[in-house]
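Since the structure comes first, as structure tokens, the remarks are kept for the end.
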Ligand SMILES: [Fe+2]
Ligand SMILES: [Fe+2]
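Residue numbers (my numbering), protein chains in the order written: chain A, 8 to 136; chain B, 2 to 329.
Below, the structure is given as structure tokens:
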């Protein structure tokens, strides 16, 4: 028996209640693309999410609807998700030594104490600021 | 929009999976510290399973939830309301997309989720198995069902799973428009002619039981969710969220001179809690299991959409592999 709806448009479609639809096949919903949104010129592109699409162009159209329909937008980047290289969290210790590398930072160079000690010892006549 | 009252898996003791205790302790410590879990982090098997189920139900609810309101787009009174309703319905479908993405990060492909929706295997929020009889119903849905959804979504956005929180953050921003639009539509009718007032009052009376069902069965009968609370999958009990909703919206309903079909509904000033007649929970379970007034229509319409769109997707299928110039 076809569906009788309160919405005349649905009733007019004469949709059978049981359609015996063949299931969607794996990958039928295409690949995923990651979306990076740039709100205005001068801003960075920021990752906002992903979309399923058959091509980068279609991914762009979907991304424009999904992530650019409300807020200000200047550009969108689309990247196939499988093209992104990342690590598993258990390997996150590869970043563990970063905070120890103070020789890379401005704050890793403290000269004032040495200068003060030097001036005290040698009785420098110059006024310190 | 979305529906609360998630149906969690009742994992039987026989299929209880033993997770690596050291990894489990580390995982729980991370959640206790308020850190988020990301897709590539280790997670207990049950955490993954329950999250997929919950986020998937949420996504289906957005998609099916667009149907009762969507049927009113062509009949919306006036061009401005038509535009606003179209924008809202588009948002809801967009929410579905964001949530399917979040669920996919846990390892269930999009195709499987849609298949489970189409076959009736997966659930969606019970409220969408009720019809939107008049324009008044769409007003009540946009205001109060979305309001209830916001209570639920704001709560869930403080959960432990990163991708779900990020999706919800975006969703909540859009929901604030739905709430304002819904309130505006109800206020317009409630402050209008006697016929308009009657229309919105009737719709409210019709929708009150499904609204009371929205957050799911009372805590004393709902399945054991301690572990889900500890893992910040579930963040507030069904009754707590219902209380929060009543506290925020019953006064706003009453100030319009509208009435609710529950003579026992009142705030107890001593306890600060709302008292009400428990809605018919047998009906809730009957409807969830397929016997609601619109279950068959919702699934049939969704199946027809899938079938009618299939040739478009097949036509778009094409081999990939092209040279890509670096972006910058
Ligand atoms: Fe929504
Ligand atoms: Fe909404």
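A virtual CB, placed ideally from N, CA and C, is assigned to each residue, including glycine. Computed from a predicted structure; not experimentally measured.
Taking 7 Å as the threshold (C-beta atoms), are residue j and residue i in contact?
| i | j | result |
| --- | --- | --- |
| residue 10(A) | residue 298(B) | yes |
| residue 139(B) | residue 208(B) | no |
| residue 234(B) | residue 52(B) | yes |
| residue 131(B) | residue 211(B) | yes |
| residue 74(A) | residue 48(A) | no |
| residue 302(B) | residue 68(B) | yes |
| residue 121(B) | residue 300(B) | yes |
| residue 152(B) | residue 205(B) | no |
| residue 249(B) | residue 216(B) | no |
| residue 24(A) | residue 8(A) | yes |
| residue 305(B) | residue 22(A) | yes |
| residue 218(B) | residue 275(B) | no |
| residue 257(B) | residue 191(B) | yes |
| residue 49(B) | residue 107(B) | yes |
| residue 280(B) | residue 213(B) | yes |
| residue 71(A) | residue 46(A) | no |
| residue 236(B) | residue 156(B) | yes |
| residue 147(B) | residue 179(B) | yes |
| residue 33(A) | residue 112(B) | yes |
Under the assumption that residue i contacts residue j (Cβ atoms under 8 Å), give the Cβ distance between them as a whole number of angstroms.
| i | j | result |
| --- | --- | --- |
| residue 86(A) | residue 36(A) | Their Cβ separation, rounded to whole angstroms, is 18 Å, which puts residue 86(A) and residue 36(A) out of contact at 8 Å. |
| residue 149(B) | residue 246(B) | 5 Å |
| residue 94(B) | residue 64(B) | 6 Å |
| residue 67(A) | residue 83(A) | 6 Å |
| residue 307(B) | residue 28(A) | 6 Å |
| residue 239(B) | residue 263(B) | The Cβ separation is near 18 Å, so there is no contact. |
| residue 44(A) | residue 58(A) | Contact flag wrong, Cβ pair sits at about 12 Å. |
| residue 158(B) | residue 169(B) | 4 Å |
| residue 109(B) | residue 70(B) | In fact, because the Cβ distance is near 27 Å, the residues do not count as touching under 8 Å. |
| residue 61(A) | residue 318(B) | 6 Å |
| residue 16(A) | residue 75(B) | 7 Å |
Is the closest heavy atom of ligand 3 to the C-beta of residue i under 6 Å?
| i | result |
| --- | --- |
| residue 170(B) | Within the structure as shown, ligand 3 is missing, the only ligands being ligand 1 and ligand 2. |
Assign residue i to buried or exposed, taking buried as 16 or more other Cβ atoms, counted over all protein chains shown, within 10 Å of its Cβ.
| i | result |
| --- | --- |
| residue 183(B) | buried |
| residue 138(A) | Residue 138(A) is absent from the model: chain A starts at 8 and stops at 136. |
| residue 310(B) | exposed |
| residue 230(B) | exposed |
| residue 143(B) | buried |
| residue 137(A) | Nothing in the structure corresponds to residue 137(A), since chain A is present only between 8 and 136. |
| residue 271(B) | exposed |
| residue 290(B) | exposed |
| residue 4(B) | Confidence in residue 4(B) is poor, its pLDDT being 47 and thus under 50, which makes the residue's placement unreliable; the coordinate value appears in the next sentence. Buried: at least 16 other Cβ atoms inside 10 Å. |
| residue 14(A) | buried |
| residue 117(A) | exposed |
| residue 44(B) | buried |
| residue 129(A) | exposed |
| residue 186(B) | buried |
| residue 115(A) | exposed |
| residue 120(A) | exposed |
| residue 255(B) | exposed |
| residue 66(B) | buried |
| residue 296(B) | buried |
| residue 116(B) | buried |
| residue 105(B) | buried |
| residue 315(B) | exposed |
| residue 54(B) | buried |
| residue 100(A) | exposed |
| residue 102(A) | exposed |
Length at least 3, wholly inside the region 82-113 of chain A: the beta strand (DSSP E) runs in chain order = The region 82-113 of chain A is shown to contain whole beta strand (DSSP E) runs of 3 or more residues at 82-87, in chain order.
ask   = So, do the region 158-178 of chain B and the region 27-44 of chain B have three or more beta carbon pairs nearer to each other than 8 Å?
value = Contact holds: three or more Cβ-Cβ distances are below 8 Å.
query = Is the region 68-84 of chain B touching the region 122-140 of chain B in the sense that three or more CB pairs, one from each, lie closer than 8 Å?
reply = These segments touch.
ask   = Is the region 120-130 of chain B close to the region 170-188 of chain B, with three or more CB pairs under 8 Å?
value = Not touching, per the Cβ criterion.
ask   = With contact counted as at least three CB pairs below 8 Å, one residue from each stretch, are the region 15-34 of chain B and the region 189-207 of chain B in contact?
value = No, because fewer than three Cβ pairs between the region 15-34 of chain B and the region 189-207 of chain B fall closer than 8 Å, the two stretches do not touch.
query = What are the start and end residues of each continuous alpha helix (DSSP H) run of 4 or more residues lying completely inside the region 74-161 of chain B, in chain order?
reply = Taken in chain order, the complete alpha helix (DSSP H) segments of 4 residues or longer contained in the region 74-161 of chain B are 80-105, 111-119, 136-141, 147-157.
message = Would you call the region 97-106 of chain B in contact with the region 54-62 of chain B, where contact means no fewer than 3 C-beta pairs closer than 8 Å?
response = Output reads yes: the region 54-62 of chain B touches the region 97-106 of chain B.
query = In chain order, which continuous runs of the beta strand (DSSP E) of length 3 or greater are located wholly inside the region 22-65 of chain B?
reply = Taking only runs of at least 3 residues, no beta strand (DSSP E) segment lies wholly in the region 22-65 of chain B.
ask   = Which residue spans inside the region 178-262 of chain B form an unbroken alpha helix (DSSP H) run of at least 4?
value = For the alpha helix (DSSP H) assignment, the uninterrupted runs of no fewer than 4 residues enclosed by the region 178-262 of chain B are, from N- to C-terminal side, 195-214, 227-231, 239-255.
request  = Quick one: which unbroken alpha helix (DSSP H) runs of 4-plus residues sit fully inside the region 11-66 of chain A? Chain order, please.
outcome  = Along the region 11-66 of chain A, the alpha helix (DSSP H) occurs as fully enclosed runs of 4 or more residues at 15-19, listed in sequence order.
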